[in-house]
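Colleague:
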Amino acid sequence: MSISKEITKLEPFIRILNDELNIGLPGFEAQKLMSPSSREQALLKSDPSKARDSSVLLLFYPKEGQLHLPFIKRTTGNTNHSGQMSFPGGKYEESDANRTITAIRETNEELGVECEKINILGFLTELYIPVSNFMVLPVLAYSDERPSFTLSEFEVEELIEMPLTELLQKDNISEFIINKNGHRIAAPFFHAKGHKIWGATAMILSELREILLRAALI
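Numbering-wise (numbering that gives the first Met the number 0), the sequence shown opens with residue 0 and increments by one.
Below, the structure is given as structure tokens:
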């Protein structure tokens with residue numbers, strides 16, 4: 000896969016991404032390219048109309064001549080997503096003016112990124128997560144420089160910084176099998192420095208990838 004030089008520099012990347020967002024979003028068809036095989040069955044047993052609002056932040060920033068996205072490995076606990084790879088983000092609180100504020104607040108709490116250094120670009124398509132009953136709004140943003148990260152010991156076990164040129168290449172996508180409650184689940188995933196990015200996070204990334212493919216950036 001050829002890589003456009005515009006995907007490595009912040010200013011042209013932001014300009015092109017803004018243009019693509021104005022054209023419209025690929026939506027569910029792009030998300031489902033990275034959907035686990037169990038999702039359709041899970042949706043049949045769920046009611047998205049009763050979902051809790053939440054959001055995540057896709058924060059682009061330059062590092063070592065490449066644009067990166069930060070991911071967190073969540074600490075192991077009793078939540079549905081403990082130990083998994085995800086974007087920073089979380090549940091909407093009544094004190095939040097909107098879900099954009101939720102994404103910024105959660106990124107500050109989990110990664111210590113200063114709120115005023117987060118510049119909002121736009122949004123991807125909402126995604127319902129049956130296992131946790133969340134309706135997730137992916138918020139796109141950028142920082143002019145690599146943030147100074149301070150990890151929340153309670154919520155974040157590890158920070159993984161991935162260059163876009165590596166993350167979104169076709170040969171960085173694989174599939175693994177999960178056996179859960181006697182069911183065999185096929186789950187596509189993105190490789191991320193020894194970790195697997197799958198599930199809702201991979202579905203969100205899939206829509207971003209389709210937008211960048213449409214723009215001939217990858």
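Cβ coordinates follow ideal geometry from the N, Cα and C atoms, glycine included.
It should be emphasised that the depicted structure is a prediction, and the values quoted were computed from it without experimental measurement.
For Pro69, write down the residues that DSSP places opposite it in a beta bridge.
Modeller: In the sequence shown, residue 69 corresponds to position 70, counting from 1. Paired residues: Glu160.
Colleague: For Glu92, does the count of other Cβ atoms within 10 angstroms reach 16, so buried, or fall short, so exposed?
Modeller: Translated into the one-based positions of the sequence shown, residue 92 becomes position 93. Exposed is the call here.
Colleague: Examine the ligand MN and report whether any of its heavy atoms sits within less than 6 Å of the Cβ of Asp95.
Modeller: Of the ligands one can find in the structure shown there are none, so the ligand MN has no counterpart to examine.
Colleague: Considering only residues of the stretch 22-67, which uninterrupted alpha helix (DSSP H) runs meet the minimum length of 4 residues and lie entirely inside it, listed in chain order?
Modeller: 27-30 and 38-43
Colleague: Please report the straight-line C-alpha distance between Glu202 and Pro35, rounded to a whole angstrom.
Modeller: Looking up residue 202 in the sequence shown gives position 203. Looking up residue 35 in the sequence shown gives position 36. According to the sequence as given, residue 202 is Met; it is not Glu. Approximately 9 Å, taken between the alpha carbons.
Colleague: From the DSSP output, in three-state form, read off Phe12 for me.
Modeller: Numbered from 1 along the sequence shown, position 13 holds the residue referred to as residue 12. Three-state result, Phe12: helix.
Colleague: How would you write the range of the alpha helix (DSSP H) that Asn107 sits in, first residue to last?
Modeller: For the purposes of this step, residue 107 is identified with residue 108 of the sequence shown, where counting begins at 1. Arg98 to Leu110 is the extent of the alpha helix (DSSP H) around Asn107.
Colleague: Could you tell me the alpha carbon to alpha carbon distance between Phe133 and Ala199, rounded to whole angstroms?
Modeller: Reading the sequence shown from its first residue, position 134 is the one you call residue 133. Reading the sequence shown from its first residue, position 200 is the one you call residue 199. In this structure, the straight-line span from the alpha carbon of Phe133 to that of Ala199 is close to 11 Å.
Colleague: For Leu167, I'd like the list of residues in its chain whose CB is within less than 7 Å of its CB, leaving aside the five on either flank, ordered along the chain.
Modeller: For the purposes of this step, residue 167 is taken as the residue at position 168 of the sequence shown. Arg208, Leu211 and Ile217, listed in sequence order.
Colleague: Can you name the start and end residues of the beta strand (DSSP E) that Ile177 belongs to?
Modeller: By one-based count along the sequence shown, residue 177 stands at place 178. Unbroken beta strand (DSSP E) run through Ile177: Ile172 to Lys179.
Colleague: On the DSSP letters alone, give me the boundaries of the beta strand (DSSP E) that Ile196 sits inside.
Modeller: One-based indexing of the sequence shown puts residue 196 at position 197. His194 to Trp197 is the extent of the beta strand (DSSP E) around Ile196.
Colleague: So, under 8 Å CB-CB, Ser151 and Asn118 are touching, yes? Tell me the CB distance rounded to an integer number of Å.
Modeller: The residue given as residue 151 occupies position 152 in the sequence shown. The residue given as residue 118 occupies position 119 in the sequence shown. Incorrect: roughly 22 Å between the Cβ atoms, too far for contact.
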